[in-house]
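Numbering (the working numbering), first residue to last: 11 to 291.
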């Protein structure tokens, strides 16, 4: 399926064998080939802006080391920075960057990681069940929603994913605005390959609108400062009534992930303290 044009600054280009300038994919891959930089990008999938000190603590490196890595990520167009008072905050450059990282994570091998506590096992299961992916929903619940929309012909796949007329009407009935903001270059409807489910979940402008509405309506609740999302009783009722999704969905079949950690599992981390002491902190 076609991918949306990137909304972040363009990456460096390099001449190809025929002399035509093209994307320097190797430079982009090099930015994410370092485990520290990859860990920072994965942490930022929660959609928040982090200080350099917070990202350094998350990645387990010294603030001075983190600063060098963050300079590279900003220069490469993967991160943007903003200033509030005396602090500088960093976030992913945009939704297309987040979707690219989540998609790459779905292709990454699982790393064996010991389960150190029952709480750790519960966290991993919860992360697989429902989590945020920048500004849309990911995990078992998100895949089930996408499947149910497809089965009910609310979502069609003739020329890539798109909303049918009945799908647009269904969203309006739920109180969700399915229109893409004027001037936005973001794809109206697209999908992400889910890193825990290895199947597609709804993304794009529609995926973001659905997720935000579900949060505002109290169907979904963020769990602390992690990426984990809780489906409320009201949310389970809506999913069951609207899409036929059972309330017990996702609580089975994920034990196989408990002893492994996907590349994106690092991103489920509590927000560190805000005692920032770096040039970007």
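Note that CB positions come from ideal geometry on N, CA and C, so glycine has one too.
- By the neighbour-count criterion, in which a residue is buried when 16 or more other Cβ atoms sit within 10 angstroms of its Cβ, residue 112 is buried.
- With a cutoff of 9 Å on beta-carbon distance, residue 178 and residue 188 are scored as near each other.
- Beta-carbon to beta-carbon, residue 145 and residue 221 are separated by about 6 Å, close enough to satisfy the 8 Å threshold.
- DSSP links residue 232 through a beta bridge to 239.
- Counting C-beta atoms within 10 angstroms of its own C-beta, residue 171 has 16 or more neighbours from the protein chains shown and is therefore classed as buried.
- The DSSP-derived three-state label of residue 170 is strand.
- The Cβ-Cβ distance between residue 214 and residue 198 falls below 9 Å.
- Per the coordinates, the alpha-carbon of residue 143 lies some 11 Å from the alpha-carbon of residue 58.
- In this structure, the alpha-carbon of residue 203 lies about 31 Å from that of residue 77.
- Here the alpha carbon of residue 88 sits roughly 17 Å from the alpha carbon of residue 66.
- Taking 8 Å as the upper bound for CB-CB distance, residue 242 and residue 149 are not in contact here, some 15 Å apart.
- By the neighbour-count definition (other C-beta atoms within 10 Å, threshold 16), residue 109 is a buried residue.
- Residue 210 counts as buried, since at least 16 other C-beta atoms from the protein chains shown sit within 10 angstroms of its C-beta.
- In the DSSP assignment, residue 89 forms a beta bridge with 102.
- Rounded to whole angstroms, the Cβ separation of residue 248 and residue 229 is 5 Å, and the two are in contact under 8 Å.
- Residue 141: not part of any alpha helix (DSSP H); member of the beta strand (DSSP E) spanning 141-143, first to last residue.
- No Cβ-Cβ contact shorter than 9 Å links residue 47 with residue 55.
- Residue 184 sits in a helix when the DSSP states are folded into three classes.
- Taking the CA atoms as reference points, residue 163 sits about 11 Å from residue 253.
- Within the DSSP secondary-structure output, residue 61 pairs in a beta bridge with 99.
- In this structure, the CA atom of residue 218 is about 21 Å from the CA atom of residue 136.
- Closest by C-alpha distance to residue 105, out of 231, 234, 196, 223, is 196.
- Beta-bridge partners of residue 165 (DSSP): 173.
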